[in-house]
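Below is one structure, written out as structure tokens, with a few remarks after it.
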Amino acid sequence: MAQTLDTTASESPQQPSRKRIRLSRACNACRSRKVRCDEQQPACSRCVAAGIVCTTSDPKSTSLIPATARRRAGHYATQSQSAQEDSRESSRRRSTGVNASAIQQRVRHDSEDGIHNDTNFRGGPSPLPLDPSLRNDSTAHDSAVHHHLSTSFIPSFAQAGLQDAGLNGEAEAESPEYAFNSTGQLEHKYLGPSSLQVFTQWLEMTFRIETPSLTERFRYGLRHCEELDIPDSIDMPQLPAAWEEHVQVYFDEVSPLFPVVKRSQIRATAALFASRAISGLPQRQRPSLALLYACLAVGIRQQHPLSSESARYLRAASSLFSFLVAYPYVESAQALLMLTIALRCHSKDGAASQCLGLAIRIAQSIGLHRQASTHQVAFSAATEHLDQGTQSPHAHIAHVQEVWWSAYCLERISCLESGRPTSINDEDVDQNPLFDQRQAPLQAFMISLAKIQGDVSRQMFSNYTRQVVNSPQDMFHIQSRLDRQLSSWYADLPQQLRLDGELLTSGPRTRAARAFLLLQYYSTLATVHRSALLINQHIHVANLKAADLPAEREDRLLESKNVCISSAREIIRSFLEVLERNTNTAVISMTQPLMAIYILAIKNLRDPGSWMARSDLSLLHSATEAVEGRYKVDGQDPGFYFMLKLLQQFATARESAPVTQPATGFSHVNVLAADGQSLLDPTQEWNSLFPRLFLGDLPLEHNDTHQDDIFGLMDIPQLTEEEIMSFSVMPGFGEEGAF
Numbered sequence: 001m002a003q004t005l006d007t008t009a010s011e012s013p014q015q016p017s018r019k020r021i022r023l024s025r026a027c028n029a030c031r032s033r034k035v036r037c038d039e040q041q042p043a044c045s046r047c048v049a050a051g052i053v054c055t056t057s058d059p060k061s062t063s064l065i066p067a068t069a070r071r072r073a074g075h076y077a078t079q080s081q082s083a084q085e086d087s088r089e090s091s092r093r094r095s096t097g098v099n100a101s102a103i104q105q106r107v108r109h110d111s112e113d114g115i116h117n118d119t120n121f122r123g124g125p126s127p128l129p130l131d132p133s134l135r136n137d138s139t140a141h142d143s144a145v146h147h148h149l150s151t152s153f154i155p156s157f158a159q160a161g162l163q164d165a166g167l168n169g170e171a172e173a174e175s176p177e178y179a180f181n182s183t184g185q186l187e188h189k190y191l192g193p194s195s196l197q198v199f200t201q202w203l204e205m206t207f208r209i210e211t212p213s214l215t216e217r218f219r220y221g222l223r224h225c226e227e228l229d230i231p232d233s234i235d236m237p238q239l240p241a242a243w244e245e246h247v248q249v250y251f252d253e254v255s256p257l258f259p260v261v262k263r264s265q266i267r268a269t270a271a272l273f274a275s276r277a278i279s280g281l282p283q284r285q286r287p288s289l290a291l292l293y294a295c296l297a298v299g300i301r302q303q304h305p306l307s308s309e310s311a312r313y314l315r316a317a318s319s320l321f322s323f324l325v326a327y328p329y330v331e332s333a334q335a336l337l338m339l340t341i342a343l344r345c346h347s348k349d350g351a352a353s354q355c356l357g358l359a360i361r362i363a364q365s366i367g368l369h370r371q372a373s374t375h376q377v378a379f380s381a382a383t384e385h386l387d388q389g390t391q392s393p394h395a396h397i398a399h400v401q402e403v404w405w406s407a408y409c410l411e412r413i414s415c416l417e418s419g420r421p422t423s424i425n426d427e428d429v430d431q432n433p434l435f436d437q438r439q440a441p442l443q444a445f446m447i448s449l450a451k452i453q454g455d456v457s458r459q460m461f462s463n464y465t466r467q468v469v470n471s472p473q474d475m476f477h478i479q480s481r482l483d484r485q486l487s488s489w490y491a492d493l494p495q496q497l498r499l500d501g502e503l504l505t506s507g508p509r510t511r512a513a514r515a516f517l518l519l520q521y522y523s524t525l526a527t528v529h530r531s532a533l534l535i536n537q538h539i540h541v542a543n544l545k546a547a548d549l550p551a552e553r554e555d556r557l558l559e560s561k562n563v564c565i566s567s568a569r570e571i572i573r574s575f576l577e578v579l580e581r582n583t584n585t586a587v588i589s590m591t592q593p594l595m596a597i598y599i600l601a602i603k604n605l606r607d608p609g610s611w612m613a614r615s616d617l618s619l620l621h622s623a624t625e626a627v628e629g630r631y632k633v634d635g636q637d638p639g640f641y642f643m644l645k646l647l648q649q650f651a652t653a654r655e656s657a658p659v660t661q662p663a664t665g666f667s668h669v670n671v672l673a674a675d676g677q678s679l680l681d682p683t684q685e686w687n688s689l690f691p692r693l694f695l696g697d698l699p700l701e702h703n704d705t706h707q708d709d710i711f712g713l714m715d716i717p718q719l720t721e722e723e724i725m726s727f728s729v730m731p732g733f734g735e736e737g738a739f
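Taking full-length UniProt numbering, I'd label the letters of the sequence shown as residues 1 to 739.
Next comes the structure, spelled out in structure tokens:
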């Protein structure tokens with residue numbers, strides 16, 4: 001066999017290498033975006049991802065190029081891939097005695113060597129795109145759900161081996177590829193215009209890197225974020241010896257924002273489980289057990305972020321998920337809400353959103369969103385426990401309201417972060433908080449902020465915008481009104497909750513909750529003003545002048561870009577300040593720091609010569625390191641957080657390089673022709689893409705309308721090929737860092 005391999009190796013160099021036939025058959029969409037087209041048939045991968053018709057025309061004429069010509073242009077690549085497949089197949093047939101377990105192990109090792117090996121960058125700089133393991137569509141990772149309906153992402157040799165072994169293609173292999181905002185995929189997710197995907201699109205248009213694009217890297221994290229890891233069998237471990245201490249952490253640091261459960265309820269549940277075997281509990285009491293497990297997962301995660309014990313109790317709570325669906329009552333809604341918080345503590349915001357939606361549906365079916373139903377539920381609960389000397393009906397009413405408003409706040413946060421439709425309409429809610437706001441100020445201000453977040457989602461990023469808003473001027477009025485609501489909310493904060501530089505003056509117990517509230521405020525403010533960061537500043541100013549706003553409001557919106565950037569700085573400073581004091585931040589989602597990283601990266605790419613550039617780079621570097629450390633602890637795919645290193649690297653290289661003018665950017669509000677007539681009307685150009693451009697929704701038009709002008713409208717700094725190829729991964733990017 002060795003002789004055969006040597007013969008093959010000696011013959012391969014003699015085979016003449018075919019040069020690819022270059023026919024310049026890039027499709028119209030890729031050509032207009034100035035990105036490389038893979039020329040696949042019947043549509044290239046970029047057009048498939050964007051959900052648009054893929055057409056190719058001759059740039060020298062108006063006729064369409066025949067599809068056979070594009071097939072001929074891509075024939076060499078197809079042949080190369082076929083040759084590699086045949087080589088793999090022949091190698092597999094030469095190996096004997098391969099059983100099913102060995103093949104599964106091979107798939108697993110191939111995944112670990114491919115996806116999780118992005119730390120091998122210490123050998124010196126290399127030009128982008130880097131890390132060939134992240135280019136391979138057949139690579140996989142080991143942190144997602146273990147059963148798939150297909151094996152489309154398993155290597156061909158493994159698929160054939162599995163079929164030979166009689167496994168029918170069922171293997172424990174997963175792929176980081178995840179489809180979103182596209183059709184034709186079995187595993188598909190939608191992310192709306194208020195999500196971080198918008199920044200990814202903007203940066204991808206800036207970088208113009210062939211593969212792996214930032215969008216593809218963005219997909220690496222979706223599987224970890226969206227999927228809920230449920231064990232094959234029910235897992236009901238015994239309570240830890242220090243369970244009271246872990247539960248107390250929840251009540252001290254998380255309950256001020258989200259009071260899902262009372263201490264008396266947790267203690268009663270724990271006492272019941274201590275008096276009898278957990279495995280012998282009736283099924284109707286398993287929602288109580290799931291609630292206790294989820295509460296332990298939150299407390300342990302907040303107290304010991306590096307411990308694996310939190311994940312153990314999170315899996316235990318997840319294993320009881322079916323019982324929460326089977327018994328849709330108040331306790332199941334509480335357990336689902338606690339599970340939502342626990343999943344967010346593990347950077348599983350998408351899975352948390354699914355649990356939250358079910359919790360809201362159960363709460364609405366009970367009537368917790370209505371004042372009369374709340375009184376009835378609380379009175380029934382108080383009557384059942386009257387003989388135990390528990391709280392009065394009024395106290396039960398206050399607690400049931402706290403459960404509902406916890407669900408409300410989590411839902412508004414989730415909708416704004418993901419851009420997905422809301423599950424709660426304010427018109428259907430007649431609930432008014434009756435609990436003492438002086439005793440629960442954090443939740444009271446969280447509720448008022450959540451209502452503003454709901455207005456932002458509905459008025460700026462939903463179909464309401466397309467149906468009601470008819471001009472950019474209308475949008476500016478909405479933007480100004482939302483900005484004033486946020487300013488009033490911040491002005492009403494009491495002194496003990498003021499967040500301007502006094503975050504750490506109070507005790508450590510409420511530090512994480514106050515930081516959470518701070519980051520939610522600044523991220524919402526940045527979202528309201530982010531359009532000025534993405535749109536060409538001259539066009540933004542011209543349309544703002546035409547909006548006829550009062551002078552004070554107009555002056556505020558003229559500074560929208562600076563407000564967005566300043567909010568990003570405050571997010572990073574506050575997040576790092578909390579870490580500096582060794583305050584556990586598990587309750588804080590990484591969405592807000594990640595948004596701040598995007599904003600500062602875009603700011604430095606657009607304005608690398610500003611006085612704050614070096615200071616912003618320092619914040620960017622520190623935030624990248626902190627967020628990456630958190631993602632490593634949470635088990636996020638390295639292919640996702642490697643994107644943070646790319647953002648850091650590009651922003652750094654851009655700051656040190658000469659300023660490059662945009663290829664199609666506008667340096668003045670009006671571009672004059674030779675006869676003195678204006679060639680550019682900012683209002684008309686802006687209206688042509690309104691409101692999708694304002695929202696950051698950037699799909700290409702099917703008829704190529706305005707595609708050539710989008711770089712100028714968005715003021716995207718086009719990097720030259722020399723700049724792109726000169727970037728290299730910095731030393732130490734792949735090194736493991738302590739968190």
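Heads up, the beta-carbon is just placed ideally off N, CA and C, and yes, glycines get one too.
Since we're looking at a predicted model, the values are computed, not measured.
Through-space distance from residue j to residue i, alpha-carbon basis
i           : j    : result
F323        : Q473 : 51 angstroms
N536        : N543 : 11 angstroms
P691        : R344 : At P691 the pLDDT is 45, less than 50, meaning the model places this residue with poor confidence and gives no usable figure here.
R312        : C27  : 50 angstroms
S560        : P638 : 34 angstroms
D492        : P231 : 46 angstroms
residue 755 : R481 : Residue numbering for the chain in the displayed model covers 1 to 739; residue 755 lies beyond these limits and cannot be assessed.
S567        : D235 : 43 angstroms
S318        : Y521 : 31 angstroms
N425        : G609 : 46 angstroms
Y641        : L222 : 12 angstroms
residue 740 : S310 : No statement about residue 740 is possible, as the shown extent of the chain runs from 1 to 739 and does not include it.
residue 786 : L356 : Given a span of 1 to 739 for the chain in the structure shown, any question on residue 786 remains unanswerable.
R106        : D349 : At R106, the pLDDT of 44 sits below 50, so the modelled position is not reliable; the number obtained from the coordinates is stated separately. The straight-line gap from Cα to Cα measures roughly 31 angstroms.
Q248        : S622 : 32 angstroms
E227        : L339 : 13 angstroms
D252        : I572 : 24 angstroms
A268        : K262 : 10 angstroms
W405        : A444 : 9 angstroms
Q201        : L518 : 27 angstroms
T624        : A601 : 11 angstroms
Where residue i sits in the DSSP three-state scheme
i           : result
S57         : strand
Q636        : coil
Y329        : coil
F251        : helix
residue 744 : Since the displayed the chain opens at 1 and closes at 739, residue 744 lies outside it and no answer follows.
Q443        : helix
L196        : coil
V469        : coil
E39         : coil
N463        : helix
V587        : coil
Where residue i falls, given that 16 or more other Cβ within 10 Å makes a residue buried
i           : result
N470        : exposed
R22         : Low local confidence applies: a pLDDT of 46 at R22 is under 50, so the model's placement there is unreliable, with the coordinate-based value given in what follows. Per the 10 Å Cβ criterion, exposed.
residue 754 : The question about residue 754 has no answer here: the residues shown for the chain are numbered 1 through 739.
D229        : buried
Y464        : exposed
E580        : exposed
E552        : exposed
E570        : buried
E427        : exposed
G299        : buried
L306        : exposed
P494        : exposed
heavy atom of the ligand FMN below 6 angstroms from residue i C-beta
i    : result
L239 : The ligand content of the structure shown is nil, which means the ligand FMN is not present either.
Q) If we count Cβ pairs, one from each stretch, closer than 8 angstroms, do we get three or more for the segment 320-339 versus the segment 288-296? A) Touching, yes, given that three or more Cβ pairs across the two stretches are closer than 8 angstroms.
Q: Could you tell me whether the segment 409-426 touches the segment 445-457, using the rule of 3 or more Cβ pairs below 8 angstroms?
A: Verdict: yes, contact present.
Q) Residue ranges of each beta strand (DSSP E) run of no fewer than 3 residues wholly in the segment 228-315, ordered along the chain? A) Unbroken beta strand (DSSP E) stretches of 3 residues or longer found wholly inside the segment 228-315: none.
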